[in-house]
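Colleague: When we follow this note's numbering, the leftmost residue of the sequence shown carries the number 2, and every step to the right adds one.
Backbone N, C-alpha and C define an ideal beta-carbon position, used for all residues, glycine too.
Sharing a structure with you now.
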Amino acid sequence: MPLFKTSAEWYEQSSLLLKARPTTARITSKYTVLKPTASKISKRQKYLSKHPKPKISSTGSPPPSTSAAVQDPTEPVVTFKLKTYDPVSGACLQYQTAKAAEVGRLVGSLGRLGRCMAALPEVVEETSVAAAVDAGAGVGVAAPMVEKDVKLVAPVVEQKAGGGGKKKKKGKK
């Protein structure tokens, strides 16, 4: 039962497991919010008193620090855990994070993983116009047609120099 260090590793291995066994494998997610007890709060406060917060150096970048030194002792501990499990083979892939920004990205990726479970084809998302141009050029599309498509996809917007303020209303006569 491996616990992966990065979400990319977990996503890759989970997609392989789901492609191999789409009917039996399943993905579960667990979001926990644990409020610290009074003893945990006092332990964290003692730790913070012994290890003061690191000062920012003259270069502007703070030295590496532990997450306990940065976290407020009274804040709750929040974790998000993803598990891909196949009961037939016994494979269990886990990933756990405490980063709020990563949770939204992981929940969004669950939809892509679920497509192969539902026997739907994979959707490859093109994120840039350059990737679309490269894909079109490989098929044998003429260059003028590609440029025309690029202009339709990403039109260039020119802005006028100067401010565009409100127009003054004329008074009634």
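#1: Taking the beta strand (DSSP E) that Ala92 belongs to, which residues open and close that run?
#2: Can you find at least 3 beta carbon pairs, one from the stretch 110-120 and one from the stretch 15-25, that sit closer than 8 Å?
#3: Between the C-alpha atoms of Val89 and Ile28, what's the straight-line distance to the nearest angstrom?
#4: Among the residues of its own chain, which have a CB less than 7 Å from the CB of Trp11, if the five just before and after it don't count?
#5: Does the beta-carbon distance from Thr98 to Ser8 come in below 8 Å?
#6: Whose C-beta lies closer than 6 Å to the C-beta of Ala26 among residues of the same chain, with five residues either side of it excluded?
#7: Check the DSSP bridge columns for Leu49 and list the partner residues they point to.
#8: Between the C-alpha atoms of Leu35 and Glu123, what's the straight-line distance to the nearest angstrom?
#9: Return the CA-CA distance between Thr24 and Phe81, expressed in angstroms with no decimal places.
#10: Just curious, the alpha helix (DSSP H) that Gly104 is in, first and last residue?
#11: Please state the DSSP three-state secondary structure of Lys44.
Modeller: Let me lay it out:
#1: Working through the sequence shown from its first residue, we reach residue 92 at position 91. Its beta strand (DSSP E) spans residues Ala92 to Thr98.
#2: A contact is defined here as three or more CB-CB pairs under 8 Å, and the stretch 110-120 meets this definition with respect to the stretch 15-25.
#3: Within the sequence shown, numbered from 1, the residue matching residue 89 stands at position 88. Within the sequence shown, numbered from 1, the residue matching residue 28 stands at position 27. Their backbone Cα atoms lie some 14 Å apart in a straight line.
#4: Taking the sequence shown and counting its residues from 1, one reaches residue 11 at position 10. Phe5, Leu83, Leu94 and Tyr96, listed in sequence order.
#5: The sequence position of residue 98 within the sequence shown is 97, counting from 1. The sequence position of residue 8 within the sequence shown is 7, counting from 1. If you check the CB distance, Thr98 and Ser8 come in under 8 Å.
#6: The residue labelled residue 26 in the question sits at position 25 within the sequence shown. Excluding positions up to five away in sequence, the list reads Leu18, Leu19 and Asp87.
#7: In the sequence shown, the residue the question calls residue 49 occupies position 48. Note: Leu49 sits in no beta bridge, so no partner.
#8: Taking the sequence shown and counting its residues from 1, one reaches residue 35 at position 34. Taking the sequence shown and counting its residues from 1, one reaches residue 123 at position 122. The alpha-carbon atoms of Leu35 and Glu123 are separated by roughly 37 Å.
#9: Locating residue 24 in the sequence shown gives position 23, counting from the first residue. Locating residue 81 in the sequence shown gives position 80, counting from the first residue. Those two C-alpha atoms are separated by around 25 Å.
#10: In the sequence shown, the residue the question calls residue 104 occupies position 103. Per the sequence shown, residue 104 should be read as Val rather than Gly. Where Val104 is concerned, the enclosing alpha helix (DSSP H) stretches over Ala101 to Met118.
#11: Here the question's residue 44 lines up with position 43 in the sequence shown. Of the three classes helix, strand and coil, the one that applies to Lys44 here is helix, per DSSP.
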